[in-house]
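First up is the structure itself, then whatever we jot down about it.
Number of protein chains: 2
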Amino acid sequence: MPKIVDHDKQRLLVAEAAWRIIRKNGMEQASVRNIAEEAGISVGSMRHYFSTQSELLLYAMNLVSERVTARIQSMSFDGPPMEHMKQLLLEFIPNTDEKMAEMEVWYAFTAKSKTDPALKKLADTVYNDIRRAVEIVITSLVKLGIFRPDLNQELEIERLYALIDGLAIHAVLRPDQMNGQLMDEALTLHLTSLCP
Amino acid sequence: MPKIVDHDKQRLLVAEAAWRIIRKNGMEQASVRNIAEEAGISVGSMRHYFSTQSELLLYAMNLVSERVTARIQSMSFDGPPMEHMKQLLLEFIPNTDEKMAEMEVWYAFTAKSKTDPALKKLADTVYNDIRRAVEIVITSLVKLGIFRPDLNQELEIERLYALIDGLAIHAVLRPDQMNGQLMDEALTLHLTSLCP
Chain A
1 MPKIVDHDKQ
11 RLLVAEAAWR
21 IIRKNGMEQA
31 SVRNIAEEAG
41 ISVGSMRHYF
51 STQSELLLYA
61 MNLVSERVTA
71 RIQSMSFDGP
81 PMEHMKQLLL
91 EFIPNTDEKM
101 AEMEVWYAFT
111 AKSKTDPALK
121 KLADTVYNDI
131 RRAVEIVITS
141 LVKLGIFRPD
151 LNQELEIERL
161 YALIDGLAIH
171 AVLRPDQMNG
181 QLMDEALTLH
191 LTSLCP
Chain B
1 MPKIVDHDKQ
11 RLLVAEAAWR
21 IIRKNGMEQA
31 SVRNIAEEAG
41 ISVGSMRHYF
51 STQSELLLYA
61 MNLVSERVTA
71 RIQSMSFDGP
81 PMEHMKQLLL
91 EFIPNTDEKM
101 AEMEVWYAFT
111 AKSKTDPALK
121 KLADTVYNDI
131 RRAVEIVITS
141 LVKLGIFRPD
151 LNQELEIERL
161 YALIDGLAIH
171 AVLRPDQMNG
181 QLMDEALTLH
191 LTSLCP
């Protein structure tokens, strides 16, 4: 059993090295050779952990999604429902250094996913998961009887989802202008505007 | 003079070949060799048009921005002001095949801009230009006396800008779910919600 644990641990270390390369030097530099060097292991022993570069990149991309999911699953909800919903949505927004690192890597992977079928499949699953989270928020507002009855639920799901991703991407691309406080304010304002 | 025209024309052909490579095979494949082959010219003669790969990519990225600017400058405004503003904002949203091609290329370039200072500088200029366009929309609503007085203008500029980019990115990444009609509806709804 310790052997398996070590194996998983090494895969994680390699994936984290891939993240650092992607953030520092870009996806173009995410070769097996560069990642092995960053991880401090030989190119030869990389084969024990990942058979191909594609497998490695898929694992590294999936790690972003796993970390977000783990955080959401560990959330405790014991305040006002409106606050829960905001907290849930804030998980998709890079308002800490850790989440910013994840978001930067995720952005690079989504760009690559346009021409890589395996990454595309994973990206599609994640988009659907996030959309479902946004849907839960909107339907919860409806169930609570605080959602404005003149609004179209489907359209509001898409508008809120687009807002979240827009804020997240601005935090990555315009970090001097878009910060955690501003994202929080925009999200609060938006949620409030959906309720009379 | 005809020589200069030809030179500019060839640069354009090369940049368009770069767009095709980026869309088809990803930024990782946008080498001078691959782009020359796609453009149907020799690697040797590429030197006449661009001294380096960086210069070529910067030109190809700037071409996206130039095309959007040209479309905005050729817009004629002769309907209700609210409709003008929506039309202006729709220019940043990929609701035609041509604009979708531009947006896909732009997305790949912004991802690369995180680790490429020259592309970053251009990206920053474009982000500021788009923010200014969004600011013009909000301040026009204020001047027309139709902007809700309880709203914060600065926050609404950022929220609208994030929404526009979120919709645009969803059109690129989730084309089966986010289409031109839905983007138009979301934008119309959002602009309407800013006015009493």
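These protein sequence lines are chains A and B, in that order.
The numbering of the first sequence is full-length UniProt numbering, which starts it at 1 and goes up by one.
The numbering of the second sequence is full-length UniProt numbering, which starts it at 1 and goes up by one.
Don't be surprised by glycine CBs; every beta carbon is placed ideally from N, CA and C.
Specify whether the stretch 143–163 of chain A and the stretch 167–186 of chain B touch according to this definition: at least 3 beta carbon pairs, one from each stretch, less than 8 angstroms apart.
-> Yes: at least three Cβ pairs fall under 8 angstroms.
If you measure from the beta carbon of S110 (chain B) to each beta carbon in chain A, is any gap under 8 angstroms?
-> Translated into positions along the second sequence, residue 110 (chain B) becomes position 110. First, the amino acid is wrong: residue 110 (chain B) is Thr here, not Ser. T110 (chain B) counts as touching chain A.
Going along chain A in order, which residues have a C-beta closer than 9 angstroms to the C-beta of G180 (chain B)?
-> Numbered from its first residue, the second sequence carries residue 180 (chain B) at position 180. Those do not exist, as G180 (chain B) stays about 13 angstroms from chain A at its closest Cβ, beyond 9 angstroms.
Helix, strand or coil at S193 (chain B) according to DSSP, with G and I counted as helix | As a first step, residue 193 (chain B) is located in the second sequence; it is residue number 193 there, counting from the start. Shown here, S193 (chain B) sits in a helix according to DSSP, grouped into three states.
Residues of chain A with CB under 8 angstroms from G166 (chain B), in chain order?
-> For the purposes of this step, residue 166 (chain B) is taken as the residue at position 166 of the second sequence. Here the neighbours are Y161, A162, L163, I164, D165, G166, L167 and I169.
Output yes if chain B places a C-beta closer than 8 angstroms to the C-beta of R174 (chain A); else output no.
-> Within the first sequence, the letter at position 174 stands for residue 174 (chain A). Using beta-carbon distances, R174 (chain A) counts as an interface residue toward chain B, with a partner under 8 angstroms.
May I have the straight-line CA-CA distance separating S42 (chain B) from K24 (chain B), to the nearest angstrom?
-> Residue 42 (chain B) sits at position 42 when you count from the first residue of the second sequence. Residue 24 (chain B) sits at position 24 when you count from the first residue of the second sequence. Those two C-alpha atoms are separated by around 21 angstroms.
Take L163 (chain B) and list the residues in its own chain whose beta-carbon comes closer than 8 angstroms to its own, dropping the five residues that flank it on each side.
-> On the second sequence, position 163 is the one that residue 163 (chain B) refers to. The beta carbon of L163 (chain B) sits closer than 8 angstroms to the beta carbons of A186, L187 and H190 from its chain, once the five residues preceding and following it are set aside; these are given in chain order.
Go through its chain and collect everything with a Cβ distance to K120 (chain A)'s Cβ below 6 angstroms, but skip five positions before and after it.
-> As a first step, residue 120 (chain A) must be located in the first sequence, where it is residue number 120. For K120 (chain A), the CB contacts under 6 angstroms within the same chain, skipping 5 residues up- and downstream, are S113 in chain order.
Anything in chain A within Cβ reach of H190 (chain B), meaning under 8 angstroms, just list it in chain order.
-> As a position in the second sequence, residue 190 (chain B) is number 190, starting the count at 1. In chain order: R159.
Taking DSSP as the reference, what is the three-state secondary structure of G40 (chain A)?
-> Here residue 40 (chain A) refers to the residue found at position 40 of the first sequence. In the structure shown, G40 (chain A) adopts coil according to DSSP, grouped into three states.
Does the Cβ of R174 (chain B) have 16 or more other Cβ atoms within 10 Å, making it buried, or fewer, making it exposed?
-> In the second sequence, counting from the first residue as 1, residue 174 (chain B) sits at position 174. With 16 or more Cβ atoms within 10 Å of its Cβ, R174 (chain B) is classed as buried.
Sequence-distant residues of the same chain with beta carbon closer than 7 angstroms to L141 (chain B), five excluded per side = For this step, residue 141 (chain B) is matched to residue 141 along the second sequence. Cβ within range, chain order: F147, L194 and C195.
In chain B, which residues lie with their C-beta within 9 angstroms of the C-beta of G26 (chain A)?
-> Taking the first residue of the first sequence as position 1, residue 26 (chain A) is located at position 26. Correct list: M27, A111, K112, K114, T115 and D116.
With DSSP as the reference, label residue 198 (chain B) as helix, strand or coil.
-> Residue 198 (chain B) lies beyond the range of chain B shown here (1 to 196); nothing can be said about it.
Please list the segments of the alpha helix (DSSP H) lying wholly inside the stretch 142–190 of chain B, counting only runs of 4 or more residues, in order along the chain.
-> Listed in chain order, they are 153–173.
Run through the stretch 73–141 of chain B for me and flag every whole alpha helix (DSSP H) of 4 or more residues, listed as ranges in chain order.
-> Entirely contained in the stretch 73–141 of chain B, the alpha helix (DSSP H) runs reaching 4 residues are, in chain order, 81–90 and 97–113.
Out of A:D150, A:T192, A:K143 and A:I138, which has the shortest C-alpha to C-alpha gap to L151 (chain B)?
-> Against the second sequence, residue 151 (chain B) aligns to sequence position 151. It is A:T192.
Would you call the stretch 27–39 of chain B and the stretch 75–85 of chain B in contact, with 3 or more CB pairs under 8 angstroms?
-> Cβ pair count under 8 angstroms is below three, so no.
Would you mind stating whether L88 (chain B) and V137 (chain B) have Cβ atoms separated by less than 8 angstroms?
-> Within the second sequence, numbered from 1, the residue matching residue 88 (chain B) stands at position 88. Within the second sequence, numbered from 1, the residue matching residue 137 (chain B) stands at position 137. Going by C-beta atoms, L88 (chain B) is nearer than 8 angstroms to V137 (chain B).
Backbone secondary structure at Y49 (chain A) - three-state DSSP | As a first step, residue 49 (chain A) is located in the first sequence; it is residue number 49 there, counting from the start. Helix.
Going along chain B in order, which residues have a C-beta closer than 8 angstroms to the C-beta of A123 (chain A)?
-> By one-based count along the first sequence, residue 123 (chain A) stands at place 123. Chain B residues near A123 (chain A): L173.
For I22 (chain B) versus A108 (chain B), is the C-beta spacing smaller than 8 angstroms?
-> Along the second sequence, one-based indexing puts residue 22 (chain B) at 22. Along the second sequence, one-based indexing puts residue 108 (chain B) at 108. Yes, the pair counts as a contact, with Cβ atoms nearer than the cut-off.
Can you name the residues of chain A whose CB is closer than 8 angstroms to the CB of A186 (chain B)?
-> Counting from one through the second sequence, the residue named residue 186 (chain B) turns up at place 186. Within 8 angstroms Cβ-Cβ: L155, E158, R159 and A162.
Quick one: what's got a C-beta closer than 6 angstroms to Y49 (chain B)'s C-beta in the same chain, skipping five residues either side?
-> Working through the second sequence from its first residue, we reach residue 49 (chain B) at position 49. Exclusion of the five residues before and after Y49 (chain B) leaves Q10, R11 and V14 as the residues of its chain whose Cβ lies within less than 6 angstroms of its Cβ.
For Y59 (chain B) and chain A, any beta-carbon pair shorter than 8 angstroms?
-> Counting from 1 along the second sequence, the entry for residue 59 (chain B) is found at position 59. No, its Cβ sits nowhere closer than 8 angstroms to a Cβ of chain A.
Return helix, strand or coil for A15 (chain A), following the three-state DSSP convention.
-> The residue labelled residue 15 (chain A) in the question sits at position 15 within the first sequence. Under the three-state reduction of DSSP output, A15 (chain A) falls in the helix class.
Classification of N128 (chain A) by the beta-carbon crowding that lies within 10 angstroms, buried from 16 upward = Here residue 128 (chain A) refers to the residue found at position 128 when the first sequence is read from its first residue. The residue is exposed, with fewer than 16 neighbouring Cβ atoms inside 10 Å.
Taking only beta-carbon positions, decide if E98 (chain B) is within less than 8 angstroms of chain A.
-> Translated into the one-based positions of the second sequence, residue 98 (chain B) becomes position 98. No, E98 (chain B) lies away from the interface with chain A (no Cβ there is under 8 angstroms from its Cβ).
Under 8 angstroms between the Cβ atoms of I35 (chain B) and F92 (chain B)?
-> For the purposes of this step, residue 35 (chain B) is identified with residue 35 of the second sequence, where counting begins at 1. For the purposes of this step, residue 92 (chain B) is identified with residue 92 of the second sequence, where counting begins at 1. No; because the gap between Cβ atoms is not below 8 angstroms, this pair is not in contact.
Cβ of S74 (chain B) less than 8 angstroms from any chain A Cβ?
-> Mapped onto the second sequence, residue 74 (chain B) falls at position 74. False, the Cβ-Cβ gap to chain A never drops below 8 angstroms.
Kindly indicate which residue of B:T139, B:P81, B:A70 and B:P117 has the alpha-carbon position closest to the one of E154 (chain B).
-> By 1-based counting over the second sequence, the position of residue 154 (chain B) is 154. The option with the nearest alpha carbon to E154 (chain B) is B:T139.
Starting from the beta carbon of E104 (chain B), find every residue of chain A whose beta carbon is closer than 9 angstroms, and list them in chain order.
-> For the purposes of this step, residue 104 (chain B) is taken as the residue at position 104 of the second sequence. For a Cβ distance threshold of 9 angstroms, residue set K114 of chain A lies close to E104 (chain B), ordered along the chain.
Partners in chain A for S42 (chain B), counting only beta-carbon separations shorter than 8 angstroms = As a first step, residue 42 (chain B) is located in the second sequence; it is residue number 42 there, counting from the start. Ordered by position in chain A, no residue passes the 8 angstroms Cβ test against S42 (chain B), which lies about 24 angstroms from the chain.
CB contact check: S65 (chain A) to chain B, cutoff 8 angstroms = Reading the first sequence from its first residue, position 65 is the one you call residue 65 (chain A). False, the Cβ-Cβ gap to chain B never drops below 8 angstroms.
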